[in-house]
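Chemist:
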Ligand SMILES: Cc1cc2nc3c(=O)[nH]c(=O)nc-3n(C[C@H](O)[C@H](O)[C@H](O)COP(=O)(O)OP(=O)(O)OC[C@H]3O[C@@H](n4cnc5c(N)ncnc54)[C@H](O)[C@@H]3O)c2cc1C
Ligand SMILES: Cc1cc2nc3c(=O)[nH]c(=O)nc-3n(C[C@H](O)[C@H](O)[C@H](O)COP(=O)(O)O)c2cc1C
Ligand code: FES
């Protein structure tokens, strides 16, 4: 049997490198209708903020040639309802569970992280300093190195389990942010969040998403994501979780070769709700076909000649 | 494990008919979907072609009829996805279907006659609803409106049903001249239809049409059930992309799980 387990730092062991990306997998429960999510390496929940958020005006999504735009605005049920309604379900999941944490102000992040630190079935948090879809906070935390470092440092103080920090590609040099976040105490980095994007309906002259500028995801962003992973892998020592346009097991291998230890599958879950599971199965097949005995051997394994 | 709400299946294409130019009726085989779909519920289809640039989002369609293990969809070819879908639908082929999704019509409101109003392709979910009521032996009145007579298809099928059928066109090229609301008011006035409050009303069509009927119902101290269309990414309540505004309070419903059918009093029709 080929070995598919990977470690993210010293406290997270994934049975395979496939996780699902925040905002594309709900709180996991919707997908348990369709398959055993215990077969996945892990899942990341939708962003959680201290209070309920109803989200942005409509329309919030639009398809583009090679992906989609979204401006959901972190719509979520809020921390208290998450704990009372979703935790009892999550407790039964036989996979690694990360909660995506977001907020308007630094104290929001601290409050959510502090509460989640006490919950056993949550294995780690993914600190979202990269959401392009909220006016306050969000990406503002992830584009200024000083602020990114401060959020990381302050959340670190209250959170003792695995802290992953999610980076935005909408910066001049992603490695600058990666380095300060590493220094401030992050256990791992996930990248990339959505790119800024927009689309206009040429018949009505209206923007296809009400916020005008939205977050672009899907196959079209894969080359951008890969170079971000590659560059960060040269700049930091902590593990990287790569994402952006992954739709197949081959894409996963590509991200690992570029330097990722694990990956997240996002928009592909919408194309096919079984996408993440199918990728896990296909990855095992490919490993057999290509005589890859240990998935870890692929990490950072790109060859120059 | 509890019974699943929805299923991902490889449905076999049983038959495909072009009802008129660019209106396709397809019959697909899936026991899970055919047996479990209630009127007003929908499915999503993964559209793929051999081209590398496949649409990342599935396309939603109402289930328009069921028989045994088979279910039917009827759709307008309006853009990239439906164009590809039209080519994908070849008898014997399998296509990826997720469903049944959403909450259908509330069909359990007793005692009243059923008034079904369809605008254009809105006839698709209405057809399944009609099937449900006629099989139960309920009294059904159907009004189907289109811009002009070229909008109608499969009209013989509807004429063969044991229902009261009215048709209307904006330009008068077939049936009544005027829109669905115009004919509704006129036939009530002519005593061909009862008072609006004597019906359970179900409306599917373009936004402005549903809005007009909903406003009229409100004016008459009544309500109707409307089926909404919004862009959708997941279809199962995950992405929050299909939100529609609530009417009486702040906040949003999700069309895919709270709808697509709503009480006209509770939702802003987009
Ligand atoms: C719950 C639900 C049930 C539906 N049932 C049916 C049905 O039974 N028969 C049918 O013909 N169509 C139905 N639709 C609409 C159908 O899904 C769209 O027409 C289809 O997705 C368009 O895909 P496309 O790629 O061909 O068009 P696109 O290239 O995406 O768009 C072409 C045009 O259609 C508009 N459009 C695209 N998607 C939608 C949408 N979801 N709602 C409204 N306008 C849209 C676009 O703005 C554009 O003007 C339903 C939609 C929903 C949400
Ligand atoms: C509808 C939607 C909602 C998202 N919501 C979140 C979110 O709440 N938090 C977050 O960190 N990222 C969110 N993302 C970004 C994804 O997690 C991921 O970083 C991005 O989509 C790139 O991966 P992909 O191309 O595989 O989708 C969202 C993406 C989409 C499409
Ligand atoms: S389509 Fe994703 S929540 Fe409704």
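Chains as they are written, first to last, in our numbering: chain A, 5 to 309; chain B, 2 to 271. Beta carbons are placed, not taken as given, at the ideal position from N, Cα and C, and that holds for glycine.
Mind listing which residues of the stretch 79-113 of chain B have their C-beta closer than 9 Å to chain A's C-betas, in chain order?
Modeler: 81, 82, 97 and 99
Chemist: With hydrogens ignored, establish whether the beta-carbon of residue 243 of chain B is closer than 8 Å to any heavy atom of ligand 1.
Modeler: For the purposes of this step, residue 243 of chain B is taken as residue 242 along the second chain, with counting starting at 1. For ligand 1, at least one heavy atom lies less than 8 Å from the Cβ of residue 243 of chain B.
Chemist: Using the Cα positions of residue 2 of chain B and residue 217 of chain B, report the straight-line distance between them to the nearest angstrom.
Modeler: Residue numbering aside, residue 2 of chain B sits at position 1 when the second chain is read from its first letter. Residue numbering aside, residue 217 of chain B sits at position 216 when the second chain is read from its first letter. For residue 2 of chain B, the predicted model reports a pLDDT of 36, less than 50, meaning its position is unreliable; a value from the coordinates is still stated below. Near 46 Å, if we compare the C-alpha coordinates of residue 217 of chain B and residue 2 of chain B.
Chemist: Output, in sequence order along the chain, the residues in the stretch 219-242 of chain A whose CB is closer than 8 Å to any CB in chain B.
Modeler: 222 and 223
Chemist: Is the Cβ of residue 233 of chain B closer than 9 Å to any Cβ of chain A?
Modeler: Taking the first residue of the second chain as 1, we reach residue 233 of chain B at position 232. Chain A contact via Cβ: present.
Chemist: Using a C-beta cutoff of 9 Å, does residue 6 of chain B count as contacting chain A?
Modeler: The residue you call residue 6 of chain B lines up with position 5 of the second chain. So, interface residue.
Chemist: Checking contacts by CB at 9 Å: is residue 22 of chain A closer than that to chain B?
Modeler: The sequence position of residue 22 of chain A within the first chain is 18, counting from 1. False, the Cβ-Cβ gap to chain B never drops below 9 Å.
Chemist: Short of 7 Å in beta carbon distance, which residues of its chain neighbour residue 211 of chain B, apart from the five on each side in sequence? Order them along the chain.
Modeler: Along the second chain, one-based indexing puts residue 211 of chain B at 210. The residues are 204, 227 and 270.
Chemist: To the nearest angstrom, how far is it from the Cα of residue 261 of chain B to the Cα of residue 124 of chain A?
Modeler: Taking the first residue of the second chain as 1, we reach residue 261 of chain B at position 260. Taking the first residue of the first chain as 1, we reach residue 124 of chain A at position 120. Approximately 37 Å between the Cα atoms of the pair.
Chemist: Closest to residue 164 of chain A by C-alpha separation, out of A/45, A/15 and A/274, would be which residue?
Modeler: Position 160 of the first chain, counted from the start, is the residue given in the question as residue 164 of chain A. Nearest to residue 164 of chain A by alpha-carbon distance, out of A/45, A/15 and A/274, is A/15.
Chemist: At what residues does the alpha helix (DSSP H) containing residue 211 of chain B begin and finish?
Modeler: Within the second chain, the letter at position 210 stands for residue 211 of chain B. 208-220 is the span of the alpha helix (DSSP H), which, as asked, contains residue 211 of chain B.
Chemist: Threshold first: 3 residues or longer. Then list the beta strand (DSSP E) segments lying entirely within the stretch 126-175 of chain A, N to C.
Modeler: 128-132 and 166-170
Chemist: Would you say the beta carbon of residue 238 of chain B is closer than 8 Å to some non-hydrogen atom of ligand 3?
Modeler: Stepping through the second chain from its first residue, residue 238 of chain B is reached at position 237. Checking the Cβ of residue 238 of chain B against ligand 3 gives yes.
Chemist: Residue 135 of chain B lies in the alpha helix (DSSP H); which residues open and close that run?
Modeler: Here residue 135 of chain B refers to the residue found at position 134 of the second chain. Run containing residue 135 of chain B: 124-137, per the alpha helix (DSSP H) assignment.
Chemist: Spatial neighbours of residue 112 of chain A within its chain, please: C-beta separation below 7 Å, excluding the five flanking residues on both sides.
Modeler: Looking up residue 112 of chain A in the first chain gives position 108. Excluding residues within five positions, the ones whose Cβ falls inside 7 Å are 53 and 54.
Chemist: For the stretch 173-249 of chain A, which segments carrying the beta strand (DSSP E) assignment without a break, of at least 3 residues, lie completely within its bounds, in sequence order?
Modeler: 192-195, 199-201, 218-221 and 244-247
Chemist: So with CB distances below 7 Å, who are the chain B contacts of residue 30 of chain A?
Modeler: On the first chain, residue 30 of chain A is found 26 positions in, with the first residue counted as 1. Chain B residues near residue 30 of chain A: 238 and 239.
Chemist: Skipping 5 residues on each side, what residues in its chain have a beta carbon closer than 7 Å to that of residue 350 of chain B?
Modeler: One cannot answer for residue 350 of chain B here, as it falls past the ends of chain B, which runs 2 to 271.
Chemist: Can you pull the chain B residues whose beta carbon is under 9 Å from the beta carbon of residue 280 of chain A, in chain order?
Modeler: Here residue 280 of chain A is taken as the residue at index 276 of the first chain, counted from 1. The premise fails here: residue 280 of chain A is roughly 12 Å from chain B at the closest Cβ pair, so nothing lies under 9 Å.
Chemist: Please list the terminal residues of the continuous beta strand (DSSP E) segment that includes residue 114 of chain B.
Modeler: Position 113 of the second chain holds residue 114 of chain B. First-last of the beta strand (DSSP E) with residue 114 of chain B: 114-120.
Chemist: Does ligand 3 have even one heavy atom less than 8 Å from the beta-carbon of residue 142 of chain B?
Modeler: As a working mapping, residue 142 of chain B is identified with position 141 in the second chain. Result no, Cβ not under 8 Å from ligand 3.
Chemist: With residue 168 of chain A and residue 193 of chain A assumed to form a contact (beta carbons below 8 Å), what rounded beta-carbon distance in angstroms separates them?
Modeler: Reading the first chain from its first residue, position 164 is the one you call residue 168 of chain A. Reading the first chain from its first residue, position 189 is the one you call residue 193 of chain A. The pair is a contact, with the Cβ atoms about 7 Å apart (cut-off 8 Å).
Chemist: Would you verify that the beta carbon of residue 227 of chain B is, or is not, closer than 9 Å to some beta carbon of chain A?
Modeler: Position 226 of the second chain, counted from the first residue, corresponds to residue 227 of chain B. Taking Cβ atoms only, chain A never reaches closer than 9 Å to residue 227 of chain B, which makes this a no.
Chemist: Are any of the Cβ atoms in chain A nearer than 9 Å to that of residue 9 of chain B?
Modeler: By 1-based counting over the second chain, the position of residue 9 of chain B is 8. Closer than 9 Å to some Cβ of chain A, the Cβ of residue 9 of chain B qualifies, so yes.
Chemist: My parser needs the beta strand (DSSP E) runs of 3 or more residues fully inside the stretch 250-298 of chain A; what are they?
Modeler: 266-269
Chemist: Can you pull the chain A neighbours of residue 27 of chain B, defined as C-beta to C-beta under 8 Å?
Modeler: Counting from one through the second chain, the residue named residue 27 of chain B turns up at place 26. Going along chain A, no residue has its Cβ under 8 Å from residue 27 of chain B, so there is no contact; the nearest lies around 20 Å.
Chemist: With C-beta atoms as the reference, is residue 141 of chain B less than 9 Å away from residue 102 of chain B?
Modeler: Taking the first residue of the second chain as position 1, residue 141 of chain B is located at position 140. Taking the first residue of the second chain as position 1, residue 102 of chain B is located at position 101. No; because the gap between Cβ atoms is not below 9 Å, this pair is not in contact.
Chemist: Looking at C-alpha atoms only, which residue of B/174, B/206 and B/131 is the closest neighbour of residue 161 of chain B?
Modeler: As a working mapping, residue 161 of chain B is identified with position 160 in the second chain. Residue B/131 is the option with its Cα nearest to residue 161 of chain B.
Chemist: If I follow the unbroken beta strand (DSSP E) through residue 101 of chain A, where does it start and stop?
Modeler: Taking the first residue of the first chain as 1, we reach residue 101 of chain A at position 97. Its beta strand (DSSP E) spans residues 100-105.
Chemist: Using a Cβ-Cβ cut-off of less than 9 Å, list which residues of the stretch 263-292 of chain A approach chain B; keep chain order.
Modeler: Taking 9 Å as the Cβ-Cβ cut-off, the stretch 263-292 of chain A approaches chain B at 271, 272, 273, 274, 275, 276, 277 and 278, given in chain order.
Chemist: Quick check on residue 77 of chain B: does DSSP put it in helix, strand or coil?
Modeler: Position 76 of the second chain holds residue 77 of chain B. Residue state, collapsed to three classes: strand.
Chemist: Would you say residue 72 of chain A reaches chain B, if we count a Cβ-Cβ gap shorter than 9 Å as a contact?
Modeler: As a position in the first chain, residue 72 of chain A is number 68, starting the count at 1. At least one chain B Cβ lies under 9 Å of residue 72 of chain A.
Chemist: Give the residues from the stretch 44-76 of chain A that approach chain B closer than 7 Å (Cβ to any Cβ), ordered along the chain.
Modeler: 58, 59, 62, 63, 64, 65, 66, 67, 69, 70, 71, 72, 74 and 76
Chemist: What does DSSP give as the partner residue(s) for residue 60 of chain B in the beta ladder?
Modeler: As a working mapping, residue 60 of chain B is identified with position 59 in the second chain. BP columns for residue 60 of chain B point to B/46.
Chemist: Is DSSP giving residue 228 of chain B helix, strand or coil here?
Modeler: Reading the second chain from its first residue, position 227 is the one you call residue 228 of chain B. Correct three-state label for residue 228 of chain B: strand.
Chemist: Taking only beta-carbon positions, decide if residue 61 of chain B is within less than 9 Å of chain A.
Modeler: Counting from 1 along the second chain, the entry for residue 61 of chain B is found at position 60. Chain A contact via Cβ: absent.
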